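One structure is given here, and the rest of the page talks about it.
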Ligand code: MOS
């Protein structure tokens, strides 16, 4: 096994032997035809023999206690197979709170907390019977308004410890220029197109769960832990996933309930959360309050940067939105305060949603930089340029690769950056403005394994329990292995989405592509070593292309080399010494032009352009598509997404797409994405940094800054709905 030693630096990844020309190509997704023709099996599809259908019953109120559950009427309905509630197999608390339905306790943490599952012969019967289950409750004190709760300044939860480096008060007192503003962002839903769906069945004590899930390896562990069975007796399948955005990183209670119900009725069970239930049973991104304080000299050189925030969580949750995460390495300055305080609420859990931290933290810091630039009479790019740190300003670590200045330059050139004074450009009744913002998302490489087989027929198979959540995993793995072994794309088969395959990082934290492809590369290196042996040569001397290996003047086909004897190799990667030695992030610059109607306040985004530094680009099309998707979401964060809680009931006012407004095609203009490509040898053996969560970082701030430039109205309470501009 080609194992990445944790205390050794990564080998530089030149892929010098590779001549296939596949890696980086803007290839179409190889899973595309299966998806568009409907033959790709998603979690709810396929109907195992004897299938039954489930619906979940949630608590009608958001606090207090459950005193009784009366399922008599539901059980009496024709076609109902079982109503399961109060199951004693449910331990409370522990690893993954979303997977731990609170049926073992009578405590109510939020509205819609799952307390029972109904299984029936048909979906309609299950849903109708679920509506007949009576849940009696005893009221309790409630905390439905996050802004009305006491703030815990020393939260015991979350992964980002508070940072208070230097004396902030002194730095602010000594500075020529001081900036101090507060920004707020609302609750956001991770609204994936494919519902949170699963089909589950038992077979001789072995549980199979076909589920829409981003990280199936840990899903298997969690399911086994919650059900108290051996992980070897759980198999999670997720060959196709229709989006996740963080909402499918964990295991939902509906999966656990379906597994218990399937055992109870002795039949397979299908469950899909209706959209409105998704709002309650899947975590959301917390609303935030963010105070930005910046001290600088008259030239804009920053001496202190403080990004202090407040985020919410319920009493059952362990996650805390790491709001200032992206701000930490972004700009220079000796004194640095980055904190997230906590308010406890009786609302559905908050959790990781695409670019946890950066997606909303960049609103505050990147709008603040825009405001500060105007205060100083500087171009906003120039202010950023003056504060570009040489090393990580928090710990002095060198950056692995950081091409942020190049992203600004290239973006300005391509966009035609020529900002005019605020509220100075008008076309009829439209006010025109431009804005920009930096993008930054931390880069992580996570433990991942892949097995590559060079089969006796000269074709290659790569196997890992990765998922493709619409991101292009199938395609980039095929490209990577094809590149490494000199095979055309059609000669590489990709097997993912099965927890029985070698464990990967899964899709999350923008670490999936880099980690999985790195593992595949390491496996391929072992295969190359074996091929070199068979060629009586050294791996570095091999040149591979079109299924042929050449060394010097000799050329042999792979088919001849494998001689009916397949070569199998396992590659394993993880965070190496370079991950500790260097500070790693993906970077970018967003530029935006908006038109704001002077009469109605309507904002139309006219164009957006981004330039990104993501290390090696594995596929220029799928990488660009992720960035475009993230930017589209950033537009929505800036202008419309806003989950509203009724503070009297703890219910969402708008838990569906009718009222929770995401950006539609008509709201999203042509988005241009460009890359500054520098292979990052410190990131991982693939040289690739994260892409998936970079696009949304900073995108909304660029829109907000353009809206200010157009109108002269600075909105600090997101989203920027038209009423706030009039
Ligand atoms: Mo993510 S928020 O790690 O899918």
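Numbering (our numbering), first residue to last: 2 to 727.
Every residue gets a Cβ at the ideal spot worked out from N, C-alpha and C, and that includes glycine.
Remember, it's a predicted structure, so these values are computed and weren't measured experimentally.
Is residue 509 near the ligand MOS, going by C-beta to nearest heavy atom under 7 Å? yes
In its own chain, which residues sit with a C-beta less than 7 Å from the C-beta of residue 35, not counting the 5 before and 5 after it? 41
Residue 581, DSSP secondary structure in three states: In the structure shown, residue 581 sits in a helix (DSSP, three-state: H, G or I).
Inter-residue Cα distance where the pair is residue 475 and residue 500: 16 Å
Under 8 Å, with one C-beta from each stretch per pair, do the region 554-567 and the region 593-602 reach the 3-pair mark? no
Looking at residue 424 and residue 481, is the spacing between their C-beta atoms short of 8 Å? no
Using alpha carbons as the reference points, say which of 659, 662, 721 and 620 lies closest to residue 27. Ranking 659, 662, 721 and 620 by Cα distance to residue 27 puts 620 first.
Contact defined as beta carbons within less than 8 Å: I believe residue 513 pairs with residue 506. What is the distance between those atoms, to the nearest angstrom? About 6 Å separates the two Cβ atoms, so the contact holds.
Counterpart residues of residue 644 in DSSP-defined beta bridges: 188
Please say whether residue 516 and residue 685 have beta carbons closer to each other than 8 Å? Going by C-beta atoms, residue 685 is nearer than 8 Å to residue 516.
Work out the CA separation of residue 494 and residue 459 for me, nearest whole Å. Their backbone Cα atoms lie some 12 Å apart in a straight line.
With 16 as the cutoff for other CB atoms within 10 Å, does residue 584 come out buried or exposed? Buried, by the Cβ-count rule.
Residues near residue 2 in its chain [Cβ-Cβ closer than 6 Å; skip 5 each side]: Low confidence applies here, because residue 2 scores a pLDDT of 41, under 50, leaving its location unreliable; read the following figure in that light. Closer than 6 Å at the Cβ level, and outside the excluded window around residue 2, lie 571.
Residue 706: first and last residue of the uninterrupted alpha helix (DSSP H) it sits in: 700-712
Three-state secondary structure assigned by DSSP to residue 620: strand
Taking residue 567 as the reference, give the member of 540, 529 and 603 with the closest Cα. Nearest C-alpha to residue 567: 529.
For residue 322 versus residue 439, is the C-beta spacing smaller than 8 Å? no
Helix or strand or just coil, what does DSSP make of residue 598? Three-state DSSP puts residue 598 in a strand.
Tell me the DSSP bridge mates of residue 329? In DSSP, residue 329 forms no bridge with anything.
Could you name the residues that DSSP lists as bridge partners for residue 742? No answer is possible for residue 742: it lies beyond the span of the chain, which begins at 2 and ends at 727.
Alpha carbon to alpha carbon, how far is residue 629 from residue 715? Give it in angstroms, no decimals. 26 Å
Alpha-carbon spacing of residue 397 relative to residue 391, whole angstroms: Residue 397 and residue 391: Cα-Cα distance of roughly 9 Å.
Close beta carbons around residue 50, own chain, < 8 Å, minus the five adjacent residues each side: 269
Relative to the ligand MOS, is the shortest distance from any of its heavy atoms to the C-beta of residue 245 smaller than 7 Å? yes
Consult DSSP for residue 291 and reduce its assignment to one of helix, strand or coil. Note: residue 291 maps to strand in three-state DSSP.
Residue 726 burial status per 10 Å Cβ neighbour count (16 or more: buried): buried
Going by alpha carbons, who is nearest to residue 155 out of 642, 344 and 56? 344
Give a single yes or no on whether residue 576 has its beta carbon closer than 7 Å to a heavy atom of the ligand MOS. no
Skipping 5 residues on each side, what residues in its chain have a beta carbon closer than 6 Å to that of residue 569? Hits under 6 Å: 454.
By Cβ distance, which residues of its chain are closer than 7 Å to residue 411, with the 5 residues on each side in sequence left out? Contacts found: 612, 675 and 677.
7 Å CB neighbourhood of residue 721 in its chain, flanking five on each side removed: 604, 639, 640, 705 and 708
Excluding the 5 residues flanking residue 361 on each side, which residues of the same chain have their C-beta closer than 6 Å to its C-beta? 186 and 289
With DSSP as the reference, label residue 627 as helix, strand or coil. helix
Taking the DSSP output, what are the residues bridged to residue 556? Note: residue 556 sits in a beta bridge opposite 551.
Is any heavy atom in the ligand MOS found nearer than 7 Å to the beta carbon of residue 354? yes
I'd like the list of long-range same chain contacts for residue 60, defined as Cβ closer than 7 Å, with 5 residues on each side in sequence excluded. 67, 109, 112, 113, 114, 116, 136 and 138
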